[in-house]
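Each remark here refers to the structure printed beneath this line.
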Amino acid sequence: MKQSEFIGKVKGGAQESMKNYGILASLTIAQAILESGWGEHAPGNNLFGIKANGWKGKTQILTTTEYVNGRAVKVKAAFRVYGSWDESIADHAKFLVTNARYKNLIGEKNYKLACQKIQSDGYATSPTYAQKLIKLIEQYNLTQYDNLSQENKAEKAKERVYTVKKGDCLSKIGAQMGCRWQDIAALNGIRAPYIIRVGQVLKLPAAEGKTYTVKKGDCLSKIAAKYNTTYQKLAALNGIKPPYIIYVGQKLKIN
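Residues 1 to 255 (full-length UniProt numbering) make up the sequence shown, in order.
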């Protein structure tokens, strides 16, 4: 699975956890990446390596690495089993908010502090756990998923409507607005003979902006030159901050 695909699969649940419990979405996504190796090592759909202590559901015995007195040792332990990744993400948030030692994470808005706190709270025994999380958040610009208001604005911006005028028909509106009349009909529940009335407000399919998929050797300035724009505009459009890191497979909005 591509890295961008994995982020796409877990970001919704991470944002839901942030909305409901106050746990930063960037932290949740980074932990899922680190603990599961981009979803490649998540037996029982357990993305976060949460053990089965106090768990009443299904469990599995796995070999894991723990750090004892600074030394890595292999141990066997019982871990939780989930029906899906979504269940794992939801339980991760509940696990944090119902354990008193993690209460300092609730409402924390600084991703670096959140990463340091979850390590000091004892989530993992690796001495470099926070450092690894911070690196992932910065490398893949995961803080963009912490801005829920921007996400809501982006969703609203996708909504398009058209008010029917005298002489209009679905095919004419479709041609004018750059979409298929059949899609307009389906979106508004209009069936044959496809009658519309003056003043009727029609929902329109979301306008699809141009995108570019990052390839090996790409950088923002190179892509910007190709589309006759600046790397600063591309960065702003895609929420990318200095040092402007992009990764292979990432989809960038161009306009």
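C-beta: ideal position from N, C-alpha, C; glycine also.
Using only the alpha-carbon positions, how far apart do residue i and residue j sit?
i    : j    : result
A78  : K56  : 12 Å
I50  : A175 : 53 Å
V81  : Q232 : 44 Å
C179 : A235 : 28 Å
K74  : V68  : 10 Å
W85  : K226 : 38 Å
F48  : G167 : 58 Å
Evaluate residue i with the Cβ neighbour count: other Cβ atoms within 10 Å of its Cβ, from every protein chain shown; 16 or more gives buried, anything less gives exposed.
i    : result
V248 : exposed
K165 : exposed
G13  : buried
K191 : Here residue 191 is Arg; the residue named in the question, Lys, does not match the sequence. Classification of R191: exposed, given that the 10 Å Cβ count is below 16.
I33  : buried
Y123 : buried
S120 : exposed
Just to confirm, are residue i and residue j a CB contact at a threshold of 8 Å?
i    : j    : result
I29  : L148 : no
G70  : P127 : yes
V10  : I61  : no
Q15  : Y145 : yes
I23  : A130 : no
K203 : L187 : yes
I118 : L27  : yes
Per DSSP, what kind of secondary structure is residue i in: helix, strand or coil?
i    : result
F6   : helix
N251 : The residue asked about is misnamed: residue 251 is Lys in this sequence, not Asn. It is a strand residue.
V97  : helix
A114 : helix
K216 : coil
T128 : coil
T143 : helix
Y102 : helix
If we require 3 or more residues per run, which beta strand (DSSP E) segments fall completely within the segment 23–75? 59–68
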